[in-house]
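1208 is the number that our numbering gives to position 248 of the sequence shown; each next residue is one higher, with no gaps. Quick reminder that beta carbons are idealized off the backbone N, C-alpha and C, glycines included. Below is one structure, written out as structure tokens; comments come after it.
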Amino acid sequence: METLKLLRVEDAVGKRLAMDYTIVTPDQKGALKRRGEVLEARDVEVMKANGHYYVYVLEGEEESTEEVFETDAAVSLASSITSGNLVVEASEEGKALVRAGEDGLFIVNSEGLRVVNESGLLVVITRRNGVFVRRGDVVAVVDVVPLKVPRAVLEDLLNKTKPHNPVLALIPSARPRVGILVVGTEIVEGLKRDTASGIIIKKLAEYNCSPGRVLYARDDEKEIAHKIEELLEDSDAVIAVGGMSVDPTDRTPVAIRMVADTVVAYGIPMKPTTMSMVAYKGDKAIIGVSSGIIHFPDLNFLDVILPWVSSKTRVPREHIVRLGEGGLTDYYLEKMKKRIRH
């Protein structure tokens, strides 16, 4: 039976290490020696230089069936809680990495994640729910606190997470076509130049969406609604920009309500672009975004909603509501400071 034994590093020469041992310098952090590797005499001083004066070694030939080593436990949990579009790989220092198998929308089941992290033995650290990820991106790290986990405890945790699986999922990008409607009587009549559509087209490319037609409408709800319906004929979704405030001349929210079957939210708890809207006609999204994207092109409501549009997945109202925590972005605050200075 394979067992653990604690030895001084000098006495462990010639024996197999029971865990990864880490090197930490200003320029490097990672495994100095890996679990299962044989410690050699030349390793002793390097190990000491990195604070490893004692090490666990493996003795015996067969591993215990009653306990699971850290990396194996991490991989087992990661494989159990992820969907098929995510790839699990063992990593150094007893971790498992979860990577995106393709471009798409990353989804986290918050309740399932809480169940795992309450265990105190294994922890799952993820990217934020609802973000767009690229193939190969690390979306989560599964780590194990102790060196070994009792098999019965691991199996119990896996059973507890089953009702929430997949805890981590990825919905592939469908590469949709998105029509653009620029709203503003002043733009239609040539009094002001359209500076919004170019920003939207650039943003669409970031999320694997292709731009459809660009149309223009005056601040009239019937005209806006008609143009939205026209764009929906040959687009998977529509973004209407402008006319989104409570100003009496701003009629875009009224028009979207006229066309949509369901309005998920009007008034998004984030800064910038709070006065935005998300609605659906059938399975097609209708997004109303404030013209604030002109002043805040790098981060705005489109960065929240386009990952969902890209994967043709309906955004839950709960996700929008939760944006308020952390929705006051550093980007917005920094831009506002610059405005005040000037």
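Sheet register partners of residue i (DSSP bridge)
i     : result
V1138 : P1171 and A1197
L1128 : T1042 and V1068
F1029 : K1108
V959  : Absent from the structure is residue 959, since the part of the chain shown begins at 961 and ends at 1302.
L977  : V1017
E1049 : L1057
K993  : Y981
D1097 : Note: D1097 sits in no beta bridge, so no partner.
G1248 : A1200 and M1237
D1103 : V1083
F1261 : In DSSP, F1261 forms no bridge with anything.
Proximal residues to residue i (C-beta, below 7 Å), its chain only, five neighbours per side dropped
i     : result
V1048 : V1035, A1038, S1039, T1042, A1056 and V1058
T1273 : L1065 and I1131
K1162 : none
K1120 : V1075
E1189 : V1219
L1259 : T1289 and Y1291
E1026 : P1110 and R1111
V984  : N1010
I1265 : V1238, I1247 and V1275
G1252 : P1232, T1233 and N1260
Residue i versus the options, residue with shortest Cα-Cα distance
i     : options                       : result
L1293 : F1256, K1272, T1273 and L1262 : F1256
Y1291 : I1188, K1231 and V969         : K1231
S1051 : V1101, E1019 and D1097        : V1101
R1277 : R968, L1164, A1239 and P1267  : A1239
K993  : A1112, V1015 and N1119        : V1015
G996  : V973, R1002 and K989          : V973
P1132 : V1006, Y1167, G990 and I1085  : Y1167
L966  : E1019, K989 and N1010         : E1019
L1191 : G1172, V1206 and E1181        : G1172
E1000 : V969, G990 and E1030          : V969
G1203 : D1180, P1267 and V1017        : D1180
S1109 : D1097, S1070 and V1028        : Inspection of the sequence shows that residue 1109 is occupied by Val rather than by Ser. Of the candidates D1097, S1070 and V1028, the one whose C-alpha sits nearest the C-alpha of V1109 is V1028.
V1093 : G1227, S1271 and S1079        : S1271
H1124 : L1073, L1262 and N1077        : L1073
L1283 : N1077, S1251, A1225 and D971  : A1225
E1146 : G1096, D1097 and T1209        : T1209
N1077 : V1091, P1267, V1127 and K1297 : V1127
I1159 : I1184, N1089 and V1201        : V1201
V1113 : I1184, A1165 and A1033        : A1033
I1184 : P1267, A978, V1148 and L1164  : V1148
A978  : R1095, A1165 and A991         : A991
D971  : P1267, V1017 and T1212        : V1017
V1269 : V1006, V1091, N1069 and H1012 : V1091
R1211 : K1182, K1187 and D1221        : K1182
Cβ separation of residue i and residue j, assumed to be a contact under 8 Å, to the nearest whole Å
i     : j     : result
V1075 : D1103 : Wrong, their Cβ atoms sit about 16 Å apart, outside the cutoff.
V998  : K975  : 7 Å
G1054 : D980  : 6 Å
N1069 : H1279 : Actually they do not touch by this definition, with Cβ atoms about 12 Å apart.
Spatial neighbours of residue i in its chain, beta-carbon cut-off 6 Å, leaving aside the 5 residues before and after
i     : result
S1170 : R1137
G1287 : P1229 and M1230
I1085 : V1101
F1261 : I1228, T1233, S1236 and V1249
R1087 : F1066 and V1099
S1079 : L1117
R1299 : none
S1205 : M1235
Same chain, Cβ closer than 8 Å to residue i, five either side skipped, listed in chain order
i     : result
N1045 : A1060, G1061, E1062, G1064, A1129, L1130, I1131 and P1132
P1106 : E1030 and L1081
K1008 : V969
K1295 : P1232, H1255 and F1256
H1302 : Note that H1302 scores a pLDDT of 46, beneath 50, so its modelled location is shaky; the value from the coordinates is reported in the next line. For H1302, where only same-chain residues beyond five positions count, there are no Cβ hits under 8 Å.
For the stretch 1168–1182 against the stretch 1134–1143, are there 3 or more C-beta pairs whose distance is under 8 Å?
yes
When you compare the stretch 1208–1228 with the stretch 1151–1160, are there three or more beta-carbon pairs, one atom per stretch, that lie closer than 8 Å?
no
Inter-stretch contact (C-beta, 8 Å, three-pair minimum) for the stretch 1193–1206 and the stretch 1243–1250:
yes
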